[in-house]
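Notes follow the structure.
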Amino acid sequence: MANVVGTPLKRKEDPRLLTGNGRFSDDIQLPGMLHAAILRSPHAHAHIKKINAEAALKLPQVVAVYTGKDLEGKIGPIPSSWLVPDCNLKEAPQYPLAIDRVRYVGDGVALVIAEDRYAVRDALDLIDVEYEALPAAVRQKEAMQEGAPLVHDDIEHNIALHWKAGEIADEVLESAEVVVRESFYVQRVFPSPIETRAAIGEYNPGSGELTLWCTSQNPHIHRMVLSGVLGISEAKLRVIAPDMGGGFGGKIGVYPDEALIGYAARDLGRPVKWIEQRSEHFTASNAGRDEVIDVELYGQRDGALTAIRVKNTANLGAYLSTMGPGVATIDFGLMITGAYDIPHASCETFGVYTNTTPTDAYRGAGKPEATYQIERIIDLYAREIGMDPVELRRKNFAPKEAFPYTNAQGLIYDSGDYEKPLQKALEIVNYEQLRQEQEEMRKQGKLIGVGISTYVELCGFGPSKVAGAIGFQGGVWENSTVRVHPSGKVTVYSGTSPHGQGHATTFGQIVADKLGIPMDDIELVFSDTRAISMSWGTYGSRSTPVGGAAVAIAADRVVEKAKKIAAHELEAAADDIIFESGIFQVKGVPGQQRTFQEIAKAANMAWNLPEGMEPSLEAQSFFDPENFVYPFGTHIVVVEVDKETGEIQMKRYVCVDDVGRVINPLTAEGQVHGGIAQGVGQALWEGAVYSSEGQLLSGTLMDYTLPKARFFPPIESSFTETPSPVNPLGAKGVGETGTTASIPAVMNAVMDALKPYGVKDIDMPLTPEKVWRVIQEGEGN
Ligand code: PCD
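Quick note, our numbering runs 31 ahead of the 1-based positions in the sequence shown.
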């Protein structure tokens, strides 16, 4: 088995998952298990005057009702893991249940535990809470104004953080011939995984061990944070993420709910299960984005871009979620120049508290927003100077020779060749001809638009030193153990926590290549804090470049040791042993060989090992990369807008992505498809709508449109491969690229279609109504 990496293998986890043999949270049944539900605030902002749970407690199956007051002093507030330095961060403690004030619709007020899941919901209705409603701060720019309601009394103007990066001298700005300004709103959206969140706690009073199964993208971060919150040693807290129906960033955060379930299981001495309802998910799970981005792009008439100045006003919701503060600051603000060699840049971010559900990472987390503003404004700039948007991009690309390339904000892009995927994508769509056809169609009164996005994103977090410097309360390395059993079958432990991505297959491919053994001989173990010492989880498309790299290094170490054993048995020098396709052979002496399986047996029997060598065949690695990775590519979308209805139809979607070395092209393409679906969802259909009182008006799947397969044309996806120098696989992340790239590509296409009406921007999502109005107004002129 060689060259398994790069092969489009079908995912080995799918038969199990698709035939009902997965083990998702709700499949877990424990003897004596109780059920939990959380009473949530119907008000965006209110004082809690009184809570009366008497009637609920009278229900025979109800076991307990806890309120915020009951838990005071017993479980600590939930900390945010991001404490971005130099941003004057004002953290507001979030207790697992609200104590005297609720701050968003969905804020937990009481925890109810009952014998079954019906009784627990009946009991919720019987709890009487007396609220005194308060005015709410809902939208970030309004919330910052003098006199706006304060979410936390001691935090002035609701400003949670004020962060800056980069400075531009006045002369630079003054010398520009052209300035293009626009304000973009990247609206609030919901990650919407198929499976909502869940937690199951089980306490063993004998050992004092608490086991928590929960829908976490990063069980070790959950263990680290919750051991503090619950006051229990990490050695006594085991967190397991079972099979999970997606996360998309929404399951990174450590939520109050998981702390509550762990607490109740311990307090009651019985297992407790909580499964989030779909409607509950809309208000109780973190949302994504919600950033108002004001951009100014400076440059010359000939298209040379000189500076970009950005202000981001981000709605962080009522509390700081685990990664919340990092999204609109670091993830966004350092990437505002995109793929372009713009010499000067500055970003100023305000993070604002409001009476809404907290926001955190959602597929791309800051990078789609950064890409959105640069890819949108560059199109407007091209329009302003009358240059083709492709030409303007080309003219300003960071040149291939400049890599590793340092952008204006000081980030070092690991590798890149931006022209390559652009050229390929232009050929696939037949760009020249497409523009001619567009002209023809315009003459016939048809609105065709072509949208381009030549994105680059930062992922693969990343060097721990950098994480520390930017204020993340953790490292970002990964580890892996490759354990070879006496038969030569292998168990691989990885700290990453796949929840749909297919690591069992792709990491298996890495090991199959390294050890020269069949895929079927390799089992992967993930997502269990007892099996793996420490990890920083799966998000930021980091699992492959960091966790996969750790697996590769551990496998190399196994081979290194195995070579020594083979050399000893074959009475040769280790340097003379060649290892290929699972066979150790003495150089130049065919027949003088041992199979991988023979060495595995020898290592474990240990009858004849080199002097001083420890028995067994197993290796561990801890990998902390020297840099992030920066995937890039070109997405081109062709749309047609229906003049009569404002409806948008995507005619073609072409994408050429460069994610370094591709481990599994089938998986990678699937990732790109999924990413695009969510990006296009943001551009065209999805969007949270709040009333001025802070009520979520789009809180069900009846009011919130998720993308459907039939809304899409076939996605024409391909790759170019520019390896990354910062990990031994040469791989970059692919999990978020589709989302990052697609939002501006689609928006640019629609704006291009509507060009005859002179419209420059419409807030997303581009519902037919908004588009129709623009056409009507345009026609009226
Ligand atoms: N790959 C390959 N190649 C390359 C890369 C990669 O093949 N070069 C593949 C791997 O291995 C895997 C996948 O692909 O399997 C992915 O990967 P990555 O990129 O590394 O990533 P990860 O880390 O694993 O993951 C994460 C991501 C994210 S981030 C998100 S959102 C999303 C994505 O992932 N999510 C999800 N995708 C997905 N899918 C699914 N199914 N589900 C889900 O949930 Mo964030 O930060 O959290 O916001």
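The C-beta atom is built at its ideal place from N, Cα and C for all residues, glycine as well. Every value quoted in this text rests on a predicted model; they were computed, and no experiment measured them.
For the segment 39 to 68, there is no continuous beta strand (DSSP E) assignment of 3+ residues that stays within its boundaries. If you draw a 10 Å sphere on the C-beta of valine 94, you find 16 or more other C-beta atoms in it, and that means buried. By the CB criterion at 9 Å, methionine 782 and isoleucine 774 fall outside the cutoff.
Judged by the Cβ position, tyrosine 403 fails to qualify as a neighbour of the ligand PCD at the 8 Å threshold, every heavy atom of the ligand being at least this far.
Alanine 598 and glycine 643 have their C-alpha atoms roughly 15 Å apart. Methionine 64 and leucine 299 have their C-alpha atoms some 11 Å from each other. A distance below 6 Å between beta-carbons, with the five flanking residues on each side excluded, links alanine 776 to the following residues of its chain, in chain order: Gly482, Ser484, His666, Val668. Valine 515 and valine 589 do touch by the CB rule: their CB atoms are close to 6 Å apart, below 8 Å. For glutamine 709, the enclosing alpha helix (DSSP H) stretches over residues 696 to 711.
At least one heavy atom of the ligand PCD lies less than 8 Å from the C-beta of histidine 530. Looking at the DSSP output, aspartate 288 sits in no beta bridge, so it has no partner there. The DSSP-derived three-state label of tryptophan 638 is coil. Between the alpha carbons of arginine 132 and tyrosine 350 lies a distance of about 13 Å. Comparing C-alpha distances from glutamate 611 to each of Glu602, Ala604, Ala603, Glu591 shows the shortest one belongs to Glu591. At the C-beta level, glutamate 327 and phenylalanine 363 stay beyond 9 Å of one another. Closer than 8 Å to some heavy atom of the ligand PCD: that describes the Cβ of threonine 698. Valine 672 and asparagine 119 have their C-alpha atoms spaced approximately 46 Å apart. A distance below 7 Å between beta-carbons, with the five flanking residues on each side excluded, links alanine 154 to the following residues of its chain, in chain order: Ala87, Leu90, Val93, Val143, Ala145. Rounded to whole angstroms, the Cβ separation of alanine 633 and isoleucine 608 is 14 Å, and the two are not in contact under 8 Å.
As summarised for the segment 95 to 169, the continuous beta strand (DSSP E) elements at least 3 residues long and confined to that stretch are 139 to 145, 159 to 164, given in chain order. Less than 9 Å divides the Cβ of alanine 67 from the Cβ of valine 303. Check the Cα spacing between valine 556 and each of Gly579, Ala429, Gly277: the tightest is with Gly579. Rounded to whole angstroms, alanine 413 and arginine 424 show a C-alpha spacing of 9 Å.
Bounds of the beta strand (DSSP E) holding threonine 242 are 240 to 245. With a minimum length of 3 residues, the unbroken runs of beta strand (DSSP E) contained wholly in the segment 448 to 518 fall at 478 to 487, 509 to 515. According to the DSSP secondary-structure assignment, methionine 681 is paired through a beta bridge with Val670. Across the set His530, Gly395, Ser264, the C-alpha of His530 shows the shortest separation from the C-alpha of serine 247. Counting C-beta pairs closer than 8 Å gives three or more between the segment 434 to 445 and the segment 366 to 377, which meets the contact rule. Isoleucine 774 has its Cβ no nearer than 8 Å to any heavy atom of the ligand PCD.
Taking each of Asp45, Val285, Leu241 in turn and checking the Cα distance to proline 250, the smallest one comes out for Val285. Here the alpha carbons of leucine 478 and glutamine 709 stand approximately 25 Å from one another. When DSSP states are grouped into helix, strand and coil, histidine 375 belongs to the strand group. Here the segment 181 to 195 makes no contact with the segment 671 to 686; the two share fewer than three CB pairs at distances below 8 Å. In the structure shown, glutamate 645 adopts coil according to DSSP, grouped into three states. If one requires a minimum length of 3 residues, the beta strand (DSSP E) runs lying completely within the segment 322 to 377 are 336 to 348, in chain order.
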